[in-house]
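J.: Chains as they are written, first to last, in this note's numbering: chain A, 1 to 281; chain B, 1 to 556; chain C, 1 to 325.
Positions of the beta carbon are idealized from the N, C-alpha and C atoms, including for glycine.
In this text the structure is predicted, and so the values were computed from the model without any measurement.
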Amino acid sequence: MHVDLKKEVTRSSAGRFGIAAFALIVLLAVFAPLLSGYDPIGQSAHSFLAPSWSHLLGTNHVGQDIWSQLVYGARTSLLVGISVALLSTLLGAIVGTSAALIGGTYDSIVMRIVDALIVIPIIIVLILVAAYLRPNMWTIIILLSLLGWQGGARIVRAQALSLKEEMHVAAARSFGAGTLYLMYRHIVPDLSPILLVDFIYSMRRAVFMEAGLAFIGISDPNVVSWGVMMREALEYSYLNVWAWWLLPAGIALSLLIISVTFIGHSAEPVMDPRLGGEASA
Amino acid sequence: MLSVRGLQVTYGSNRVLNGIDLDVAPGECLAIIGESGAGKTTLGLSVMGLVEGTVRGEILIDGVNVLALPEHSMQQVRWSKVSMVFQNANNVLNPVHTVLDQVMEPMVEHGMKNKSDAREAAGTLLTRTGLPNDRFDSYPHQLSGGEQQRVLIAMALANDPGLIILDEPVSSLDATSRAEVVNLLRSIAGDRTFVLVTHDIATAGRLAQRVAVLYAGTILETGSTSEVLSRPRHPYTRALLRSYPNMTTVKDLQGVKGRMSRGTTGCPFHPRCTQAIDVCSRERPPLVAANGRMVACHRGGIITLLAATGLRKSFGRKRAVDGVNLSIDSGETLALVGESGSGKTTLARTLMGLLPADEGEVYLEGRKVAGRDKDFYRQVQMVFQNPGESLSHRLSVLELVREPLDIQGVGTKDERERKAIRVLGEVELPTDEDFLHTYAHHLSGGELQRVAIARALVLDPRLLIADEPTAFLDPSLQAKLMKLMLNLQEQRGLSMLFITHDIAVARKVSDRMAVMFDGKIVEEGQSSMLTTAPEHPHTQALVKGASDLHSGPDSI
Amino acid sequence: MRILSKRNLLTYAVALLLILSLNFILPRLMPGDPLAAIYGREALVQMSPQLQAELVQRFSLDQALWQQLGSYFAALFHGDLGYSYYYNAPVFDVILGRLPWTLLLVGLSLVFSTVLGIVLGIESGWRRGSRTDRTMLSGLMALNGFPDFFIGIVLLLVFGVVLGVLPLAGALTPYSGLSGGALVLDVLKHLALPLASLTLAHVASGYLLTRNTMITVLKEPYMLTARAKGLSQRLLKYRHAGRNSMLPVVTMTGIWLGRVVTATLFVEIVFSYPGLGYLTYEALLFRDYAVIQGVLLLVATLVLAANFLVDLSYARLDPRVSYAR
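(1) Taking only three categories from DSSP, how would you classify Arg56 (chain A)?
(2) With a Cβ-Cβ cutoff of 7 Å, do Pro121 (chain A) and Trp244 (chain A) count as a contact?
(3) Mind checking Asn60 (chain A): buried by the 16 CB within 10 Å criterion, or exposed?
(4) If we ignore side chains and look at the alpha-carbon of each, how far apart do Ala45 (chain A) and Val95 (chain A) end up?
(5) Using 7 Å as the limit for Cβ to Cβ distance, is Val106 (chain C) near chain A?
(6) Within this structure, are the beta carbons of Gly44 (chain B) and Arg5 (chain B) separated by less than 7 Å?
(7) Quick one, which of A:Leu246, A:Val80 and A:Trp242 has its alpha-carbon nearest Met209 (chain A)'s?
(8) Pull out every residue of the segment 507-533 of chain B whose Cβ sits closer than 8 Å to any Cβ of chain C, in chain order.
(9) Given that Ala228 (chain C) touches chain B, what residues does it touch there, using C-beta distances under 8 Å?
(10) Which chain B residues are close to Val148 (chain C), counting only those with a beta carbon under 9 Å from its beta carbon?
(11) Compute the Euclidean distance between the alpha carbons of Val423 (chain B) and Glu399 (chain B), then round it to the nearest angstrom.
(12) Please identify the residue among B:Ile153, B:Ala154 and B:Leu131 whose C-alpha is closest to the C-alpha of Leu143 (chain B).
(13) When Cβ atoms are compared, which residues of the segment 105-122 of chain A fall closer than 9 Å to chain C?
(14) Where does the unbroken alpha helix (DSSP H) through Thr210 (chain C) begin, and where does it stop?
(15) Spatial neighbours of Glu180 (chain B) within its chain, please: C-beta separation below 8 Å, excluding the five flanking residues on both sides.
(16) Taking CB distances under 7 Å as the criterion, tell me whether Pro106 (chain B) reaches chain C.
(17) Would DSSP call Lys573 (chain B) helix, strand or coil?
(18) From which residue to which residue does the alpha helix (DSSP H) around Val30 (chain A) run?
(19) By the 10 Å Cβ neighbour count, where 16 or more other Cβ atoms means buried, how is Asp288 (chain C) classified, buried or exposed?
(20) Could you pull the start and end residues of the alpha helix (DSSP H) that Tyr72 (chain C) belongs to?
(21) Indicate the three-state DSSP secondary structure (helix, strand or coil) for Val99 (chain B) in the structure shown.
(22) Express the C-alpha separation of Leu61 (chain C) and Asn23 (chain C) in angstroms, rounding to a whole number.
(23) Any chance you could list the alpha helix (DSSP H) runs of at least 4 consecutive residues sitting entirely within the segment 208-265 of chain A, in chain order?
(24) Rounding to the nearest angstrom, what Cα-Cα distance links Leu26 (chain C) and Leu81 (chain C) in this structure?
(25) Taking C-beta to C-beta, are Leu155 (chain C) and Val260 (chain C) nearer than 7 Å?
(26) For Leu146 (chain A), return the contacting residues in chain C, with the cut-off set at a CB-CB distance below 8 Å.
(27) Alpha carbon to alpha carbon, what distance is there between Leu287 (chain B) and Ala204 (chain C)?
(28) Quick check on this structure: which residue in B:Pro404, B:Glu426 and B:Ala38 has the alpha carbon closest to the alpha carbon of Thr198 (chain B)?
(29) If the cut is a Cβ gap below 9 Å, which residues of chain B does Asp318 (chain C) touch?
(30) Going by the beta-carbon positions, is the gap between Gly92 (chain A) and Gly152 (chain A) smaller than 7 Å?
(31) Using a C-beta cutoff of 7 Å, does Ala300 (chain C) count as contacting chain A?
(32) Measure from the C-beta of Phe215 (chain A) to each C-beta in chain C and report whether the shortest distance is under 7 Å.
(33) When we look at the beta-carbon of Thr105 (chain A) and count the other beta-carbons within 10 Å, is it buried (16 or more) or exposed?
(34) May I ask you to report which of helix, strand or coil DSSP gives Asn90 (chain B)?
(35) Could you pull out every residue in the same chain whose Cβ sits closer than 8 Å to the Cβ of Ala172 (chain A), ignoring the five residues on either side in sequence?
(36) Asn212 (chain C) CB to nearest chain B CB: under 7 Å?
Given below as structure tokens:
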């Protein structure tokens with residue numbers, strides 16, 4: 001069952017589109033200072049200016065340049081998305097493999113906690129904590145990671161359990177290898193495809209949650225976020241400004257999420273080869 | 001009831017069924033037997049119109065060609081005129097519906113609008129097939145294999161179809177369930193027409209009146225079940241029956257060399273056939289009638305290789321061979337059993353022409369043999385009893401084995417030598433220089449006999465007459481030699497006339513047996529039948545006296 | 001497709017306990033006066049000294065931690081969730097007033113998106129590879145990528161702002177004094193856009209899952225058996241294949257409930273729909289901690305309970321599964 005991840009993703013047109021769109025957004029984020037002329041937080045002009053050559057998307061209700069906010073917002077989304085994905089995939093991998101390898105009571109307890117975390121709606125906890133802590137970006141990242149690893153842990157554990165029975169692991173065991181060694185050398189490498197898919201979907205969820213939280217009002221005030229943009233713009237939806245304020249932010253966010261979704265979907269045959277070979281979008 | 005005409009099914013580049021013609025009379029049960037991969041299931045599915053791929057030909061059910069019907073008409077035919085009992089694999093029944101619902105469903109969908117009537121009818125059917133009432137509302141996975149099979153049968157009976165196709169109905173069951181289901185099928189047969197598709201010859205024997213043998217998408221033989229199974233006329237059928245493990249076959253499992261392959265031109269079986277001639281590789285033999293059967297063979301079925309009629313040989317007043325009629329088919333092993341003095345060896349020698357017969361004729365492949373010429377000896381060879389005597393002491397091993405080739409003038413000296421060495425390899429003797437130049441009297445008994453066999457084989461004969469080949473050997477060597485001879489027979493497609501006094505040995509190696517007493521053949525027939533139910537007193541005596549006939553598993 | 005093991009009551013109990021503990025612990029971890037921590041400075045300013053003293057008494061806030069815990073649970077059993085300074089009423093009453101709207105929205109959207117997702121998934125899976133299938137697939141996959149609140153925003157803009165055919169906010173036209181059929185119509189008009197947003201946002205998951213399962217199911221032997229029985233296409237698709245393909249979606253409904261609740265929160269904000277979500281938003285804005293806690297606790301409990309019920313019902317749908325204790 002060694003499906004080449006790269007091949008699968010580049011083979012489907014959905015995957016190619018996803019990668020292209022994602023790359024575009026990354027570029028925007030990386031080159032943000034070059035692309036925008038203004039400090040996104042600072043007031044640069046009058047409010048509600050229409051788009052012009054000096055302000056590509058006009059200005060918002062307090063005179064901030066929207067285009068600058070857009071490209072800097074990409075940074076936030078990507079940063080949060082990738083950090084959370086990394087942390088939660090890592091956490092899920094560790095918990096999953098250790099539960100599979102150690103087994104016994106440890107496994108039961110851990111899986112019970114995982115199950116409990118799966119059924120809790122994350123947003124509840126997030127709002128609860130955020131209401132009290134008035135978080136900054138890093139707090140949000142940590143919170144999202146702590147609440148996002150459980151799904152991956154399940155899948156990793158299932159896979160690790162079956163890998164555990166494979167010959168090369170048994171062989172290493174017979175040489176006296178310890179749990180840590182087995183995890184590091186034998187199991188995790190074979191898990192890479194699954195971990196990668198988990199990473200992709202974690203990132204998707206993180207981007208969504210960050211924007212959603214910002215939309216509700218839970219965000220780092222020093223950081224530009226598409227969610228914040230959308231919230232602010234929504235207040236003024238009765239004015240004609242939504243076309244260049246509300247929509248671009250929403251479209252940018254959607255584009256990022258869609259691109260990650262497409263990449264993830266095209267990578268799915270890695271987990272279940274029966275689904276492969278689809279002439280998808 | 002059912003007629004198949006020229007049915008061809010192709011999947012992509014794969015021709016699965018290659019021109020099938022069949023007729024099944026109303027009320028009859030036809031079994032289609034064959035190995036896996038022969039196309040049996042495809043044939044069954046074609047009758048239901050469920051086969052994917054390209055389909056050509058006609059399938060007439062009650063006069064209507066179902067292959068020409070559009071899908072929605074076919075939907076009406078399915079399960080009302082013809083239904084199918086599927087092979088019970090996992091998930092043949094839908095796991096989320098109860099078995100009663102699934103039996104009821106075709107009734108409701110084919111016109112019985114009243115649900116409670118259908119439910120009752122379904123219940124009756126399930127009871128008929130032996131499913132207890134409390135199981136009606138179970139789900140498939142809660143039932144045992146035997147119970148699931150009964151549900152499948154009940155389901156097939158739902159709309160009382162005139163034709164039912166059974167695809168391996170008992171293969172997945174254990175012996176007891178198997179017997180029960182077979183009895184069940186017999187009891188529901190009534191005047192329904194059955195087509196039974198299976199690789200299980202025993203079941204076919206118990207359920208079907210007629211049988212058709214399918215090989216690589218072609219029908220090779222059809223006929224009445226009892227006749228085909230007891231006296232197959234096509235080489236493949238015989239090979240199939242031989243390799244089938246059942247309780248009454250005692251000849252050791254002999255596979256047929258090679259494997260089934262599709263897409264061969266000519267007769268599909270010819271690469272593995274022991275009596276193939278030129279035309280077999282070029283043209284497909286049509287299925288023609290011969291002696292109450294249909295056989296697809298250019299040679300009309302298994303041919304008789306050697307036949308003798310009314311042979312007589314006397315030495316003075318002693319009638320050694322007194323009116324013997326004998327025949328050996330191509331690829332067959334006939335054992336000639338008799339005590340010393342019965343005339344076995346004389347008969348063998350007479351057949352070989354070493355002793356002129358007083359009366360009688362010998363026929364090789366249907367042609368009368370006048371004198372024994374080189375040609376004859378190329379086809380018929382003999383292995384004598386005592387190798388020590390039959391091998392000259394003057395010649396080395398190599399020379400001994402090469403001698404027949406030298407006499408016949410086959411090829412150059414080098415070629416002959418190489419051939420001799422190859423045959424020595426076949427009989428599992430060393431082929432190094434030292435051994436080749438060893439003289440006969442330096443060899444052990446077992447080695448001598450192998451040399452003798454090598455000699456006999458070097459001319460690639462069709463028939464090997466083996467006269468008590470193990471008589472002078474130790475018991476341990478006997479077993480080894482027998483195994484060797486059987487292997488050689490299978491590899492080379494030889495016919496064998498195996499002469500022995502030991503009826504137990506005879507049973508192990510032969511398809512047919514002839515018992516000789518006082519110059520006459522007193523009983524003849526299938527080896528298994530002869531040894532389990534001997535009729536002639538002499539045979540009975542032999543059987544009784546056989547040391548290990550009834551003891552535990554023979555060890556060969 | 002068995003992704004989840006059978007969860008038993010213990011799991012849910014643990015989950016609930018976690019939330020309750022969090023709810024309890026967080027404010028008490030903050031430095032300073034416990035009353036201020038729980039209710040927030042803004043609230044304290046508004047409350048009269050008698051009210052404050054009463055609350056301190058009710059929740060044992062001047063006593064040891066474990067006594068506070070006792071009062072906390074005792075209060076919970078009585079349905080006492082504290083007092084909302086902003087709405088000037090017990091939290092419980094405030095919540096009760098908003099709950100029906102959210103239930104309406106969540107319930108209907110869950111049903112619609114699940115059913116629609118399953119039906120589309122079946123039809124798409126049945127025609128795998130055809131143009132219909134590929135169009136639906138790419139369309140829904142794209143739809144899946146849009147965050148639910150953005151879908152809401154777009155719908156609001158198109159139908160509310162630009163076209164102006166549906167209302168922009170609220171669940172009812174205020175002060176309209178409608179009743180009977182006209183009232184129902186009014187409610188429906190206000191419900192339309194939020195419901196549509198939620199349904200559209202979640203149709204894709206059910207669709208994709210059903211479609212994938214359908215593809216596998218169609219290859220199963222019992223589909224050939226069903227075809228052999230001469231059944232119509234409709235029956236094959238729904239009674240045989242469909243019935244098997246919808247099982248994973250039912251399982252996942254439990255998990256997705258959390259997502260639907262999240263989405264409802266956002267959508268209510270977009271449409272100013274007076275449900276629990278909008279309530280939370282307002283409470284956050286005004287730092288009315290009591291309300292926040294109350295709503296979140298209630299929602300969490302409801303979600304967990306619903307999950308549990310879904311688990312129970314799954315055993316009845318798939319006869320191969322027996323509910324493991």
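T.: Quick answer:
(1) Reading the first sequence from its first residue, position 56 is the one you call residue 56 (chain A). The amino acid at residue 56 (chain A) is misidentified as Arg; the sequence shows Leu. Leu56 (chain A) falls in the coil class under three-state DSSP.
(2) Your numbering for residue 121 (chain A) matches position 121 in the first sequence. Your numbering for residue 244 (chain A) matches position 244 in the first sequence. No. Outside cutoff.
(3) By 1-based counting over the first sequence, the position of residue 60 (chain A) is 60. It counts as buried.
(4) In the first sequence, residue 45 (chain A) corresponds to position 45, counting from 1. In the first sequence, residue 95 (chain A) corresponds to position 95, counting from 1. For Ala45 (chain A) and Val95 (chain A), the distance between alpha carbons rounds to 51 Å.
(5) By 1-based counting over the third sequence, the position of residue 106 (chain C) is 106. Judged by the 7 Å Cβ criterion, Val106 (chain C) is not in contact with chain A.
(6) Working through the second sequence from its first residue, we reach residue 44 (chain B) at position 44. Working through the second sequence from its first residue, we reach residue 5 (chain B) at position 5. Contact flag unset, no.
(7) Reading the first sequence from its first residue, position 209 is the one you call residue 209 (chain A). Per the Cα distances, A:Val80.
(8) none
(9) Here residue 228 (chain C) refers to the residue found at position 228 of the third sequence. The answer, in chain order, is Met48, Leu50, Arg78, Trp79, Ser83, Met84 and Phe86.
(10) Within the third sequence, residue 148 (chain C) is the residue found at index 148, counting from 1. Strictly speaking, residue 148 (chain C) in this sequence is Asp, with Val absent from that position. Correct list: empty, because the minimum Cβ distance to chain B is about 32 Å.
(11) Your numbering for residue 423 (chain B) matches position 423 in the second sequence. Your numbering for residue 399 (chain B) matches position 399 in the second sequence. Distance between the alpha carbons of Val423 (chain B) and Glu399 (chain B) is about 13 Å.
(12) Position 143 of the second sequence holds residue 143 (chain B). Considering only alpha carbons, the answer is B:Leu131.
(13) Of all residues in the segment 105-122 of chain A, Met111, Arg112, Ile113, Asp115, Ala116, Leu117, Ile118, Val119, Ile120, Pro121 and Ile122 have a Cβ within less than 9 Å of some Cβ in chain C.
(14) Taking the third sequence and counting its residues from 1, one reaches residue 210 (chain C) at position 210. Start and end: Gly180 to Leu218.
(15) By 1-based counting over the second sequence, the position of residue 180 (chain B) is 180. Same-chain partners within the cutoff: Gly130 and Gly146.
(16) Translated into positions along the second sequence, residue 106 (chain B) becomes position 106. Interface residue, yes.
(17) Within the shown structure, residues of chain B are numbered from 1 to 556, placing residue 573 (chain B) beyond reach of any answer.
(18) One-based indexing of the first sequence puts residue 30 (chain A) at position 30. Here the alpha helix (DSSP H) through Val30 (chain A) covers Ser13 to Val30.
(19) Locating residue 288 (chain C) in the third sequence gives position 288, where the first residue counts as 1. Asp288 (chain C) comes out buried.
(20) Reading the third sequence from its first residue, position 72 is the one you call residue 72 (chain C). Counting along the chain, the alpha helix (DSSP H) containing Tyr72 (chain C) begins and ends at Leu65 to Phe77.
(21) Counting from one through the second sequence, the residue named residue 99 (chain B) turns up at place 99. It is helical.
(22) Reading the third sequence from its first residue, position 23 is the one you call residue 23 (chain C). Reading the third sequence from its first residue, position 61 is the one you call residue 61 (chain C). Roughly 15 Å between the two C-alpha positions.
(23) The segment 208-265 of chain A contains these whole alpha helix (DSSP H) runs: 226-235.
(24) Taking the first residue of the third sequence as position 1, residue 26 (chain C) is located at position 26. Taking the first residue of the third sequence as position 1, residue 81 (chain C) is located at position 81. Leu26 (chain C) and Leu81 (chain C): Cα-Cα distance of roughly 16 Å.
(25) On the third sequence, position 155 is the one that residue 155 (chain C) refers to. On the third sequence, position 260 is the one that residue 260 (chain C) refers to. For Leu155 (chain C) and Val260 (chain C), no; Cβs fall outside 7 Å.
(26) Here residue 146 (chain A) is taken as the residue at index 146 of the first sequence, counted from 1. Under the 8 Å cutoff, chain C gives no residues; its nearest Cβ is about 12 Å from Leu146 (chain A).
(27) Position 204 of the third sequence, counted from the start, is the residue given in the question as residue 204 (chain C). Position 287 of the second sequence, counted from the start, is the residue given in the question as residue 287 (chain B). In this model, Ala204 (chain C) and Leu287 (chain B) are separated by some 59 Å (Cα to Cα).
(28) Counted from its first residue, the second sequence places residue 198 (chain B) at position 198. Out of B:Pro404, B:Glu426 and B:Ala38, B:Ala38 has the C-alpha closest to the C-alpha of Thr198 (chain B).
(29) Taking the third sequence and counting its residues from 1, the one referred to as residue 318 (chain C) is at position 318. Under the 9 Å cutoff, chain B gives Pro95 and Val96.
(30) Counting from 1 along the first sequence, the entry for residue 92 (chain A) is found at position 92. Counting from 1 along the first sequence, the entry for residue 152 (chain A) is found at position 152. Going by C-beta atoms, Gly92 (chain A) is nearer than 7 Å to Gly152 (chain A).
(31) Within the third sequence, residue 300 (chain C) is the residue found at index 300, counting from 1. Cβ-Cβ to chain A under 7 Å: yes for Ala300 (chain C).
(32) Here residue 215 (chain A) is taken as the residue at index 215 of the first sequence, counted from 1. Yes, contact with chain C.
(33) What you label residue 105 (chain A) is simply residue 105 of the first sequence in a count that begins at 1. Looking at its Cβ environment, which holds fewer than 16 other Cβ atoms inside 10 Å, Thr105 (chain A) is exposed.
(34) On the second sequence, residue 90 (chain B) is found 90 positions in, with the first residue counted as 1. Correct three-state label for Asn90 (chain B): coil.
(35) Sequence index remark: in the first sequence, residue 172 (chain A) carries index 172 (1-based). Excluding positions up to five away in sequence, the list reads Tyr181, Leu182, Arg185 and His186.
(36) If you number the third sequence from 1, residue 212 (chain C) lands on position 212. Chain B contact via Cβ: absent.
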